[in-house]
Amino acid sequence: MLILLPPSEGKADAGTGRRLDPSRLSLPELTGAREEVLTALVALCAGPDEAAARAALGLSEAQRGELRRNARLRAAATAPAGRIYTGVLYEALDLATLPPAAERLARRSVLISSGLWGAVRLTDRIPPYRCPIGAKLPGVGALSTYWRAALGPALAAAAGTGPVLDLRSGAYAATWTPRGELAARTVTVRVLHERVVDGVVTRAVVSHFNKATKGRLVRDLLTAGARPRTADGLVGALRDLKYAVEEQPAAAGRPRQLDVVVTEL
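Count along the sequence shown from 1, add 6, and you get the number used in the working numbering.
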């Protein structure tokens, strides 16, 4: 099983170990693309036009410190990606407290999408950075378009013959959409909060709790030692874990979509 996660805007303040070495990251077929994006990002943030750099990365004036950090990425200390990302999903996943068997499964199964790296495993050593998928970098262009051309073969190879649980947010999901036979093995998840208001049942997506539920869902799968071999097996594993799962109609050749319905946030 391959589990695809989004990155988080929240990141650790600093790495703690050796300097960045892009050649040591997983999915080595992405090394050339990573180097190109990294070079463009560092040059932009180290350049004289701070306003242009902030605009390209969607930063406010109060966030100018992110430019200085990006400019020093090649010399920055690193930490495993699983420690670098600190947002809501990762807080709920709580990798540091996983039992040993679940941690080993996470290392094998999880890939994190990234505007800078394309995708990394939890154990890949990276520095804190700021590079959203919506950024446009000089010489590279829109990162969403750039990675769409580079990620396909790498992620298809990482998926192997097993199911794919795709929990990426929309902008990152747009960088790779599995097709054909692989799409039939791919399951996407939407979290819906169900509540009753004046006797009327309503459902809505709530961003913060959508992320937290996805983090808990992955943690539960890992802790249970789930190793489904098919998409049907993956859906069954979620139901065995007492998640309220509803499958939505999917177009031929497109990933399957599940709604996970929660009544408590």
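Every residue, glycine too, gets a C-beta built ideally from N, C-alpha and C.
For residue i, the three-state DSSP class (helix, strand or coil)
i: residue 146; result: coil
i: residue 61; result: helix
i: residue 88; result: helix
i: residue 103; result: helix
i: residue 208; result: strand
i: residue 117; result: strand
Residue i versus residue j - alpha carbon distance
i: residue 234; j: residue 115; result: 12 Å
i: residue 108; j: residue 8; result: 14 Å
i: residue 242; j: residue 176; result: 25 Å
i: residue 102; j: residue 13; result: 17 Å
i: residue 152; j: residue 207; result: 42 Å
i: residue 70; j: residue 56; result: 8 Å
i: residue 97; j: residue 267; result: 21 Å
i: residue 58; j: residue 68; result: 15 Å
i: residue 196; j: residue 237; result: 16 Å
i: residue 201; j: residue 269; result: 6 Å
Local Cβ density within 10 Å of residue i, reported as buried at 16 or more and exposed below that
i: residue 203; result: exposed
i: residue 211; result: exposed
i: residue 259; result: exposed
i: residue 89; result: buried
i: residue 217; result: buried
Nearest-angstrom beta carbon gap, residue j and residue i [assumed within contact, 8 Å]
i: residue 194; j: residue 172; result: 5 Å
i: residue 52; j: residue 87; result: Not quite, the Cβ-Cβ distance comes to about 24 Å (not below 8 Å), so this is no contact.
i: residue 178; j: residue 132; result: At roughly 16 Å, the Cβ-Cβ gap does not stay under 8 Å, so residue 178 and residue 132 are not in contact.
i: residue 39; j: residue 156; result: 4 Å
i: residue 198; j: residue 209; result: 4 Å
i: residue 119; j: residue 112; result: Wrong, their Cβ atoms sit about 16 Å apart, outside the cutoff.
i: residue 35; j: residue 159; result: 7 Å
i: residue 99; j: residue 221; result: 4 Å
i: residue 63; j: residue 136; result: 6 Å
i: residue 146; j: residue 42; result: 6 Å
Residues bridged to residue i [DSSP beta-bridge criterion]
i: residue 265; result: 196, 252
i: residue 172; result: 10, 194
i: residue 17; result: 91
i: residue 224; result: For residue 224, which the question treats as bridged, DSSP gives no partner whatsoever.
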